[in-house]
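If you use the UniProt record's numbering, the sequence shown corresponds to residues 1 to 287, in order. Here is the structure we will look at, set down as structure tokens.
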Amino acid sequence: MTMDDRITQAWARLGAIAQAEHADSRIAPGSLTRAWLPGQVVPTAIVLLHGITNAPPQYALLGDQLAARGHAVIVPRMPYHGFRDRLTDAIAALRAPEMQAAALDAVAIAALSGRRVVVAGISVGAVLAGWLAARTAIDTAIAIAPFCGIRELAGGANDALGCALRALPNRFAWWDPRRKEAQPPPHGYPRFATRTLGESLAISTALVDPGARVHARRAFVVLNARDPIVNNPFARRRFARLVRFGVDVVPVTLDGLPEIHDIIEPEIPEARTDLVYPRLIELIERP
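The following block contains the structure:
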């Protein structure tokens with residue numbers, strides 16, 4: 001396959017995604033799948049995976065910065081995300097295989113667009129990056145604040161919690177009961193579905209399942225030392241299991257950040273993107 005053929009196929013795959021999304025009137029125009037693709041195959045293509053209840057605008061600024069540095073960038077919209085109705089109940093229908101399929105589709109586009117593929121994600125997107133690292137020939141995974149479990153529970157209990165949330169009837173809860181629907185960002189949902197959390201934890205559990213014959217070269221596990229949600233020690237241990245698949249796992253702890261989980265969302269005033277983005281770019285571009 002020639003370089004021109006690769007770019008043509010990448011655009012064709014993106015076009016199919018765009019056609020399906022434009023046909024769904026529930027999706028807000030600003031929350032469609034985003035891509036910055038040069039007109040040629042470039043050295044590095046990057047997939048950025050948003051967290052649950054968020055949407056592609058979470059990476060608007062970082063995507064711009066990476067594209068300006070000559071990289072191809074793909075930000076897939078996860079199923080049932082980015083709807084005009086921020087209080088939609090549709091998110092409860094999301095299942096782990098749908099998230100995994102969306103991530104794999106984005107990696108396929110990246111592999112056509114760049115000679116080297118990097119996948120970065122936050123929260124559940126971070127766990128998806130780790131899942132991909134155990135199963136695909138991406139070069140590097142960057143897991144930012146990976147949601148392998150909540151801080152209040154001991155490590156293995158989070159797998160049991162995931163099973164329970166998948167089995168029990170779904171409930172909706174506010175991310176912030178004080179702000180309720182005023183919770184930023186404007187492109188995200190202010191509520192989460194307990195079933196969706198259970199499906200997210202299923203991806204964490206699958207992270208330690210036997211991988212494929214191919215795997216990533218390296219995975220960075222990027223943790224906010226003051227994360228109020230993620231069980232950081234458990235996340236480190238879970239990602240360390242990727243070593244047995246042949247992945248070089250490198251822990252990275254970010255000190256001096258606020259006590260927040262979403263450290264990359266530009267619409268959250270407390271997120272210190274001025275500190276976090278340069279570090280992420282350095283990890284993405286590290287040989």
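From the three backbone atoms N, C-alpha and C, an ideal C-beta is built for every residue, glycine too. None of the values given here were measured: they were computed from a predicted structure.
Taking 8 Å as the cut-off, decide whether the C-beta atoms of residue i and residue j are in contact.
{"i": "Phe-245", "j": "His-215", "result": "yes"}
{"i": "Trp-131", "j": "Val-73", "result": "no"}
{"i": "Val-221", "j": "Arg-236", "result": "yes"}
{"i": "Thr-33", "j": "Arg-77", "result": "yes"}
{"i": "Ser-31", "j": "Ala-16", "result": "no"}
{"i": "Ile-138", "j": "Val-117", "result": "yes"}
{"i": "Ala-133", "j": "Ala-202", "result": "no"}
{"i": "Gly-63", "j": "Leu-48", "result": "yes"}
{"i": "Thr-44", "j": "His-81", "result": "no"}
{"i": "residue 314", "j": "Gly-114", "result": "There is no way to answer for residue 314, as the model of the chain reaches only from 1 to 287."}
{"i": "Leu-61", "j": "Ile-46", "result": "no"}
Is DSSP giving residue i helix, strand or coil here?
{"i": "residue 293", "result": "The requested residue 293 does not occur in the structure, where the chain is confined to residues 1 to 287."}
{"i": "Leu-104", "result": "helix"}
{"i": "Asn-224", "result": "strand"}
{"i": "Gly-162", "result": "helix"}
{"i": "Ile-229", "result": "coil"}
{"i": "Val-118", "result": "strand"}
{"i": "Ser-123", "result": "coil"}
{"i": "Gly-156", "result": "coil"}
{"i": "His-22", "result": "helix"}
Is it right to say residue i is buried, meaning 16 or more other beta carbons lie within 10 angstroms of its own, or is it exposed?
{"i": "Ala-271", "result": "buried"}
{"i": "Val-243", "result": "exposed"}
{"i": "Met-3", "result": "exposed"}
{"i": "Thr-8", "result": "exposed"}
{"i": "Leu-223", "result": "buried"}
{"i": "Glu-282", "result": "exposed"}
{"i": "Gly-256", "result": "exposed"}
{"i": "Pro-57", "result": "buried"}
{"i": "Pro-278", "result": "exposed"}
So, for residue i: in the same chain, excluding its five sequence neighbours on each side, which residues have a beta-carbon less than 6 Å away from its beta-carbon?
{"i": "Val-124", "result": "Gly-51, Ile-52, Phe-147 and Ser-200"}
{"i": "Gln-183", "result": "Trp-175, Asp-176 and Pro-190"}
{"i": "Phe-239", "result": "Gly-130, Val-221 and Val-249"}
{"i": "Glu-181", "result": "Pro-190"}
{"i": "Ala-225", "result": "Thr-253 and Asp-255"}
Tell me the DSSP bridge mates of residue i?
{"i": "Ala-72", "result": "Ala-45"}
{"i": "Thr-253", "result": "Leu-223"}
{"i": "Arg-34", "result": "Val-75"}
{"i": "Phe-172", "result": "Ala-193"}
{"i": "Arg-218", "result": "Thr-140 and Asp-248"}
{"i": "Ile-150", "result": "Val-230"}
{"i": "Phe-83", "result": "Ile-27"}
Using a Cβ-Cβ cut-off of 8 Å, state whether residue i counts as contacting chain B.
{"i": "Val-221", "result": "As a matter of chain content, chain B is missing from the structure shown, which is built from one protein chain."}
In chain order, what residues of the same chain lie with their CB nearer than 8 Å to the CB of residue i, ignoring the 5 residues before and after it?
{"i": "Pro-228", "result": "Arg-151, Glu-259, Ile-260 and His-261"}
{"i": "Ala-18", "result": "Leu-32 and Thr-33"}
Can you give me the Cβ contacts of residue i inside the same chain, cut-off strictly under 7 Å, excluding the 5 residues immediately before and after it?
{"i": "Ala-102", "result": "Pro-76, Met-78 and Pro-79"}
{"i": "Leu-197", "result": "Leu-165"}
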